[in-house]
Amino acid sequence: MVAAHSLTRDINCQALAELAGLSKDSTYEIRELVSAVIAELSIDVAPLPEAVFRKAGEAARDYLAGDLGFRPAIRQVTELMFDRNYLAFDVRPDVGVGQFDDLWLLNEWIYAVDNGHERDGVYYFETSEDAEACFKAVATVLAVPRT
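Here the sequence shown is numbered in this note's numbering, starting from 14 and rising by one per residue.
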């Protein structure tokens with residue numbers, strides 16, 4: 014659908030036109046054509062770890078601006094940062110940054126809270142405010158635009 018919308022906005026290339034004509038079940042063909050579209054349009058695509066980090070940064074900026082609540086922000090960030098495809102990379106933007114050391118605690122805390130085990134969450138943080146203070150430190154680092 015995005016390919017078709019792009020064509021209507023005069024973003025034209027042969028591979029994009031082919032992509033627009035495929036059904037969503039054509040996963041192999043889609044995978045092949047996406048690479049061709051990127052090449053034909055000379056799109057600069059960030060490596061996966063950088064792209065994930067940038068997307069997590071969007072959620073962090075929304076949280077810090079007051080446009081996204083604390084718990085939804087944690088869910089978005091941890092879903093991205095704990096994705097197995099992201100974690101498979103040895104070189105990631107979060108490695109070696111101290112503010113991310115307790116991100117796994119936030120992940121476990123939000124899991125406990127989401128599944129009705131809020132009292133179990135005290136193993137990770139005494140209060141919701143403690144969890145939010147920890148997340149704010151993470152969000153502050155994530156929110157800084159990377160070059």
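Every residue, glycine too, gets a C-beta built ideally from N, C-alpha and C.
{"Query": "Under 8 angstroms between C-beta atoms of F102 and L61", "Result": "yes"}
{"Query": "Closest residue to L93 among A73, W122, S55 and V110 (Cα-Cα distance)", "Result": "A73"}
{"Query": "Within 8 angstroms, strictly: CB atoms of F148 and F83", "Result": "yes"}
{"Query": "Which of helix, strand or coil DSSP assigns to I51", "Result": "helix"}
{"Query": "Alpha carbon of A64 to alpha carbon of N128, nearest angstrom", "Result": "29 angstroms"}
{"Query": "Terminal residues of the alpha helix (DSSP H) in which Y137 lies", "Result": "Counting along the chain, Y137 falls outside any alpha helix (DSSP H), and DSSP gives it neither H nor E."}
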